[in-house]
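Residue numbers (my numbering), protein chains in the order written: chain A, -18 to 302; chain B, -18 to 302; chain C, -18 to 302; chain D, -18 to 302. Ideal Cβ positions, reconstructed from N, Cα and C, are used throughout, including at glycine. Predicted, not measured: the structure shown is a model, and the values here were computed from it.
4 protein chains.
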Amino acid sequence: IQRVAVLTSGGDAPGMNAAIRAVVRTAAFEGLEVMGVRRGFSGLHRGELKLIGPRDMANTIQRGGTILLTARSATWRTPEGRARGAQHLRDNGVDGLIVIGGDGSFHGADLLQKEHGIPVIGVPGTIDNDLYGTDHTIGYFTAVETALDAVDKLRDTGASHERIFVIEVMGRHAGHIALDVAVAGGAEEVFIPEDDKPIEDVIEIVKDSVEKGKMGSIVIVAEGVPGGAQGVGDAIQAGTGLETRVSILGHIQRGGTPVSSDRILASRLGEAAVYALMDGVSGVMVGRHGGDIIHTPLHETWEKRKDVNRDLYRCAKKLSV
Amino acid sequence: IQRVAVLTSGGDAPGMNAAIRAVVRTAAFEGLEVMGVRRGFSGLHRGELKLIGPRDMANTIQRGGTILLTARSATWRTPEGRARGAQHLRDNGVDGLIVIGGDGSFHGADLLQKEHGIPVIGVPGTIDNDLYGTDHTIGYFTAVETALDAVDKLRDTGASHERIFVIEVMGRHAGHIALDVAVAGGAEEVFIPEDDKPIEDVIEIVKDSVEKGKMGSIVIVAEGVPGGAQGVGDAIQAGTGLETRVSILGHIQRGGTPVSSDRILASRLGEAAVYALMDGVSGVMVGRHGGDIIHTPLHETWEKRKDVNRDLYRCAKKLSV
Amino acid sequence: IQRVAVLTSGGDAPGMNAAIRAVVRTAAFEGLEVMGVRRGFSGLHRGELKLIGPRDMANTIQRGGTILLTARSATWRTPEGRARGAQHLRDNGVDGLIVIGGDGSFHGADLLQKEHGIPVIGVPGTIDNDLYGTDHTIGYFTAVETALDAVDKLRDTGASHERIFVIEVMGRHAGHIALDVAVAGGAEEVFIPEDDKPIEDVIEIVKDSVEKGKMGSIVIVAEGVPGGAQGVGDAIQAGTGLETRVSILGHIQRGGTPVSSDRILASRLGEAAVYALMDGVSGVMVGRHGGDIIHTPLHETWEKRKDVNRDLYRCAKKLSV
Amino acid sequence: IQRVAVLTSGGDAPGMNAAIRAVVRTAAFEGLEVMGVRRGFSGLHRGELKLIGPRDMANTIQRGGTILLTARSATWRTPEGRARGAQHLRDNGVDGLIVIGGDGSFHGADLLQKEHGIPVIGVPGTIDNDLYGTDHTIGYFTAVETALDAVDKLRDTGASHERIFVIEVMGRHAGHIALDVAVAGGAEEVFIPEDDKPIEDVIEIVKDSVEKGKMGSIVIVAEGVPGGAQGVGDAIQAGTGLETRVSILGHIQRGGTPVSSDRILASRLGEAAVYALMDGVSGVMVGRHGGDIIHTPLHETWEKRKDVNRDLYRCAKKLSV
């Protein structure tokens, strides 16, 4: 192969630029050219491709967001849209496409290769960490750090006012962020979509924690939990009679300078994606498991389920004693 | 005088601990004793006083929140409640009270001195910066920095998705935080309670900015603006047809390690409060204007209005060109 | 006037980009064109000028360093070098030059206007805050924050090991950073070039502080103090027999995302510089005093001395009690 | 068992408090008592033990340093010193000791159990990550993040001045920090103790990178490399004739609020240490490999060598292309 293309798709995640950089520089190191596609599949369908070289990636490893931009594409869901995208890739002499994104993006990539025979490799870029086939996704570590920083700040106020803070973190379908933040933030309780915890138990725990003399309590809720943080907060306030505040962290968890773990993961996976294409591999996501790079068929990344760390879940419980 | 008391009251603000530390250490330097009152006026009315010495303040200058805790007090609004608080101060041999807080707290302090002749000094501790008689209040600088950090993060996502972000920052009655954040965050627009800007103009500005090729727009809204960020966001989305996201930063703006400016201001004002009591002054707030320490009668701090910096307002406008 | 040029010169400072952005956008707002000069006077002498527009400044307000680059120029110190620079400005139709930098840069600017009649305006951009004619210089606030963050980290280690840490911060001729960091960092002692404190006194203070039960002591030293932190550290270790570590913070104080105060100051001063040129003013530095923009003849900025805040100096002493 | 003791020893590391908290709370959850030993083995030998309960650990998970203090102990290296320490443990009814620290500390622990039959468990707490038997050590992630943050700042200045920055990070015997920081910081080169790279090659690489148009180069050096950053910097400056600056990050890498990964690792390992003692295990270090908790005989932790990640090393090389 001589030329590969790369795009970012779906919600942006910190470290996407580090992944693009790794693709571009690994390719350059191996004598390949790289075309950057702007605005994800939406731009691909419109033919927004441009050659990018190693120097274009200077000073990007530390930047949040994605310099290639990202977008949702309704057109890509149509066979015609994908056909046009495939044509643009062929017209530009592209031998393979690297897609940095989450499960929706991988779905689009999978269709492209199945319908048009274009080699595709997925790179897991999403803060939610909800993809099977990799221990962690690019952006996850930074999102946890940002949420934790907010929890540390809220604890200052919570402790000073001896209040309960119910904090909603991202995670529509998965409690990975919530669980990490709960353990690292020293939370009293955590609600995740994977689990069905009766609110009554939590009310008892909060009451109990006040009696033990704790100044302020922190409860972490993943956004995918029915009712969200507001529902949990209302129930706690009603059940305990204690002053309860709700804080929804929202989009700040997506942005910011990526932490080292995300930059390193992105560097490794961007590199691995180029080598996968060079090795004639297609239709897989590159991931990291332990210290190893692994390949997982794209459809498994969304069909199989990555459970949260149950040991951590039990640990969280004990440490709030 | 031989013994002073200090309390924090109202919403917590970063730098309150630095102010308590300055009171305690300046007093120690001058040979006075200090009693810390826990839980503000609520605790004063219940007699929660305890001697604190210089060593108790070790490693507190960098901590958010308030180690003396804070609370709202319904009882303090009654003459009986205040009489009991005054009695506790007399029983403990306290010659003067230093109150770190905002206008509500100063009101409570003012009544204490008027009704019971107890010397009181106010120290401006509130993130909103809405007190007359000081250029800045303790906690303000940190709140601006926290909000700005969030804006920087949201800009990453906004630019990557080419979206409009409407961001609500604290400021129920005043646009100080909003204005600073708008200028420092490079926002396209800012809405503050002091100003009545037609939403139609803003819609034009946003449309215009998109046409000029700006990738993503940031609009800052102070929480005191009617409708808040949600109202502004809905109107912009409806008026422009562009994807608009709303982010309400909320309580994270209250917490966190105080920045240097807040620690320095708190150190100066805590020191000044002790000297004011030693000089026989009472019923004033200590503040900083330019490089000078000034005294303002407590009632003026809430009766007179501190306007936002109009030059900055005009500057914000130009720089979003 | 129709066209202005802008350059950054000397050591870089966080907020320089915000100042460039303010120059470019204010100019655009007023219908003027701006040429950016790369690599300071060195680039001016070689003719490295290029038109820059408002969109070129997107996403720069939060970046450290200077997108226009900076350099020292030996050639500029010769009349021939300056003549060539003046010629480049005239050839490009530039009606005035805005120089963002420190005293050395202003000296070069002053010669340019005196020898060639080119209108020049200085904007104070240096972390040291050692320019007469402005309360603060651009970059100063961020440098203090960076140094303070380091002090907070070193205090963790110092307290855990019950050690003395002697920390050197920037400030070759001025103790502004050192003094702010000492007060905000809760240091036991501070050494600044403006003051001649016998090391013996400090040894007594450190001994005394250990006897009072303080866990770990922090001593701040400005780099301009004879012997620097190493000299002070050696003397303390020898005089007290206590384990003493020296940490020289160095260049990290120059970089990083500018804090809000630097971005706001830079925005105001960049704006003011353009209006000064439009008003026919030349040979001055724009500065901020209190809330006002003031003009100071360039030569006064380095001839007159801005003293450190003596009240703060006394305050630092008391609060380490 | 009914009562365990815990101490921190050697250099402090961010996350040590989270580990202590996990020990104390897991023990409380299981109905055991915990005695905290102050000042490591030095304090143990002097009998500085005190009961600590779950509430004593409130608001400590986010703090750098160690609330139990740490120290080096010459006495512990003598059999008499260890005998006295063992006696204090027996006198206080302690059934097992948890030692949080590095290889030196584990050596001391190993002798205690061998000579006096006291069950001991090691918890890896050191920023260097140089212990065999765990993927990562507590404090490592935070140290990398702190160093990376400094590199990001220096890159601002380096790029603005088009300079070479040679940056020394911690790692006396191991290049783990250096390697992670090099990849995440986008460095041109990295020198680690595990590798013997001819300086001539690096000079060529730096020259080459300048010719390719890179603005500023970053070279990372682990402190254990002969000559350190200063030696490398001098050689580069001499060999390239380019302006080269050296920055030694030093002790700031030890302190600061621990990042989430360190807090989570510390929570898991503190918990695991208590269960190891309850299970009758002794003489091992608890570590984490992949997602699993593993036990490694103490002596193996310093006898066996944990190599740096060679894949990462190769990756660093390619991405600086």
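Taking the alpha-carbon positions, what's the residue i to residue j distance?
{"i": "D/N73", "j": "D/A254", "result": "20 Å"}
{"i": "C/H280", "j": "B/S242", "result": "30 Å"}
{"i": "C/M259", "j": "D/N110", "result": "60 Å"}
{"i": "B/A(-14)", "j": "D/I1", "result": "35 Å"}
{"i": "D/L(-12)", "j": "C/E143", "result": "16 Å"}
{"i": "B/I180", "j": "B/A216", "result": "7 Å"}
{"i": "B/V104", "j": "B/G272", "result": "16 Å"}
{"i": "D/H97", "j": "D/L230", "result": "41 Å"}
{"i": "B/E185", "j": "B/E170", "result": "11 Å"}
{"i": "C/T337", "j": "C/T138", "result": "The structure shown does not extend to residue 337 of chain C, since chain C is modelled only from -18 to 302, so the question has no answer here."}
{"i": "D/A3", "j": "D/G251", "result": "5 Å"}
{"i": "A/I145", "j": "A/L223", "result": "7 Å"}
{"i": "D/I274", "j": "C/E204", "result": "48 Å"}
{"i": "A/E11", "j": "D/K298", "result": "12 Å"}
{"i": "B/T118", "j": "B/A67", "result": "27 Å"}
Could you check where the alpha helix (DSSP H) with residue i kicks off and where it finishes?
{"i": "C/V187", "result": "180 to 192"}
{"i": "B/R2", "result": "-3 to 10"}
{"i": "A/P60", "result": "60 to 72"}
{"i": "B/T123", "result": "121 to 142"}
{"i": "C/L93", "result": "84 to 97"}
{"i": "B/L166", "result": "The amino acid occupying residue 166 of chain B in the given sequence is Gly; Leu does not appear at that position. Here the alpha helix (DSSP H) through B/G166 covers 157 to 166."}
{"i": "C/S248", "result": "241 to 259"}
{"i": "B/D273", "result": "From DSSP, B/D273 is part of no alpha helix (DSSP H) but of the beta strand (DSSP E) over 273 to 278."}
{"i": "C/I217", "result": "209 to 221"}
My guess is that residue i and residue j are in contact by the Cβ rule of under 8 Å, so how many angstroms apart are they, rounded?
{"i": "D/A159", "j": "D/I201", "result": "5 Å"}
{"i": "A/S198", "j": "A/V213", "result": "With 8 Å as the limit, A/S198 and A/V213 do not qualify as a contact, their Cβ atoms being about 12 Å apart."}
{"i": "A/V18", "j": "A/L49", "result": "7 Å"}
{"i": "C/T56", "j": "C/S23", "result": "7 Å"}
{"i": "C/E126", "j": "B/V240", "result": "6 Å"}
{"i": "A/L93", "j": "A/I99", "result": "5 Å"}
Let's test the definition: count the other Cβ atoms within 10 Å of the Cβ of residue i and tell me whether it reaches 16, buried, or not, exposed.
{"i": "D/V60", "result": "The question names Val, but residue 60 of chain D is Pro in the sequence shown. D/P60 is exposed by the Cβ-count criterion."}
{"i": "A/A219", "result": "exposed"}
{"i": "B/L32", "result": "exposed"}
{"i": "D/G167", "result": "buried"}
{"i": "A/E284", "result": "exposed"}
{"i": "C/D84", "result": "buried"}
{"i": "A/K178", "result": "exposed"}
{"i": "D/R153", "result": "exposed"}
{"i": "B/R71", "result": "exposed"}
{"i": "D/K193", "result": "exposed"}
{"i": "D/R286", "result": "exposed"}
Do residue i and residue j have their C-beta atoms closer together than 9 Å?
{"i": "B/A247", "j": "B/I148", "result": "no"}
{"i": "A/L13", "j": "A/R36", "result": "no"}
{"i": "B/L129", "j": "B/H69", "result": "no"}
{"i": "A/G62", "j": "A/P(-5)", "result": "no"}
{"i": "C/V206", "j": "C/L293", "result": "no"}
{"i": "C/G264", "j": "C/K134", "result": "no"}
{"i": "A/T115", "j": "A/G237", "result": "no"}
{"i": "A/G82", "j": "A/T51", "result": "yes"}
Quick one: give me the first and last residue of the beta strand (DSSP E) that residue i is part of.
{"i": "C/I102", "result": "101 to 105"}
{"i": "A/G197", "result": "Segment: none, A/G197 is in no beta strand (DSSP E) and carries neither H nor E."}
{"i": "D/G205", "result": "Unbroken run through D/G205: none, as it is neither H nor E."}
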